[in-house]
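Counting along the sequence shown from 1, when you hit position 268 you're at 268 in the UniProt record's numbering, and nothing is skipped either side.
Just so you know, even glycine gets a beta-carbon here, dropped at the ideal spot from N, CA and C.
Let me begin by presenting the structure, written as structure tokens, before commenting on it.
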Amino acid sequence: MDSVDLNVLRSVLEWRRAGQRVVLYSVVQTWGSAPRPPGAMLALRGDGVVIGSVSGGCIEDDLIARLHDGRLPDNGPPVQLVTYGVTRDEAARFGLPCGGTLRLTEERVEEYAWVAQLLARCEAHEIVARELDLATGSVRLSVASKSDIVSFDGERLRTIYGPRWRLLLIGAGQLSRYVAEMARLLDFEVLICDPRTEFVHGWEEQHGRFVPGMPDEAVLNIQTDERTAIVALTHDPRLDDMALLTALNSRAFYIGALGSQVNSRKRRENLAVLGLGAEAIARLHGPIGLHIGSHTPAEIALSLMAHIVAIKNGVEVLQAKPVREAVS
């Protein structure tokens, strides 16, 4: 679950607490080249305000029109199925790719305690399944795992929600500022650890949250999980290697360290001397980033975030090439 969906649910909770009418749309099934995957959500407020997305835009316009032209009654079944793109003409009308078909649940949100519970559990870094009974509109929350997927059997829709992806940066230097900015645009929660007080100046709260303590303590304190990436960028082995020793034995999905091919090889040798096993060391990405000819801090940040996103999305990528050592 990305922060777009979290924001949809936050808005649903805010609107219902304010007494607003809310309809929640969820993508149930897709056939062909549908723009949004199953589980994607859009919330429609009683005055036509929307948040979220279930398509490229044209279906959203029709959902708003359903509200204004009376096709969305105040009573009736609590959940209905709505299908778009059955015919070629309809697919063209709603901007769906050729052959694309999209089925949605149209759910009147009356009882909303489950929304607050789900958001709280995601904030606690839990993965949660939401089961919607189409006949009654009732919602049940349960524990899920990262391997669970969206499912629909015609009577119940089961969707999976989880915490935001996180990026812990070891070091608050120039490169970290570019990485933090790009990570935020990609919906990552950004955390920074740097015990060197000289580097803290100029960081604003919206750029990320500082984690106090030494780097190895920070890795433990944030309760690193499989939705966390950790990158060491200080160029100081006394700090970077402290973080790596702990991170490489954690559940983080990406662990990397800035450095050339030569320095990355030396780092792996040092980690072995410090007692880290070969399997853990093999998890280290170094040099970091995809090979795009990076030279400037912004280019290196771009290559790094592209690499992290590729691994997050399960895409195999070519071995990264070294970047210039002068950046920190």
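Across the set Arg21, Leu271, Arg16 and Glu181, the C-alpha of Glu181 shows the shortest separation from the C-alpha of Leu304. A straight line joining the alpha-carbon of Glu217 with that of Thr296 spans about 31 Å. 8 Å or more divides the Cβ of Ile222 from the Cβ of Ala243.
Taking the CA atoms as reference points, Val82 sits about 54 Å from Pro195. In the structure shown, Arg71 adopts coil according to DSSP, grouped into three states. According to DSSP, Met182 shares a beta bridge with no other residue.
Contact between Phe188 and Leu167 holds, with the beta-carbon distance rounding to 5 Å and staying under 8 Å. According to DSSP, His285 shares a beta bridge with Gly256. For the pair Ser142 and Ala129, the CB atoms are nearer than the 8 Å cut-off. In the structure shown, the three-state DSSP call for Asp153 is coil. Under a 10 Å Cβ-count criterion, Gly19 is classified as exposed, with fewer than 16 other Cβ atoms of the shown protein chains found around its own Cβ.
Of the candidates Ile170, Thr197, Glu205 and Val200, Glu205 places its Cα closest to the Cα of Arg184.
Contact annotation, Met41 with Leu24: C-beta distance approximately 6 Å; criterion of less than 8 Å satisfied. Annotation: Thr296 is outside any beta strand (DSSP E) and is labelled neither H nor E by DSSP. Under the criterion of beta carbons closer than 8 Å, Gly256 and His285 qualify as touching, at roughly 4 Å. With contact defined as three or more Cβ pairs closer than 8 Å, the region 48–62 and the region 140–160 are not in contact. With a beta-carbon spacing of about 6 Å, Leu191 and Arg209 fall inside the 8 Å limit used to define contacts. Annotation: the continuous beta strand (DSSP E) that includes Arg130 extends over Val128 to Asp133. Excluding sequence positions up to five before and after Ser26, its CB lies within less than 6 Å of the CB of Met41 and Thr105, all in the same chain and listed in chain order.
Close CB contacts of Ala252 within its chain, under the 7 Å cut and outside five residues either way in sequence, are with Thr224, Thr228, Ala229 and Ile230 (chain order). Shown here for Gln117: same chain residues with a beta carbon closer than 8 Å to its own, the five before and five after excluded, namely Leu141 in chain order.
Around the beta carbon of Gly52, a 10 Å sphere encloses 16 or more other beta carbons of the protein chains shown; the residue is thus reported as buried. In this structure, Ile127 sits near Ala144, with a CB-CB distance shorter than 8 Å.
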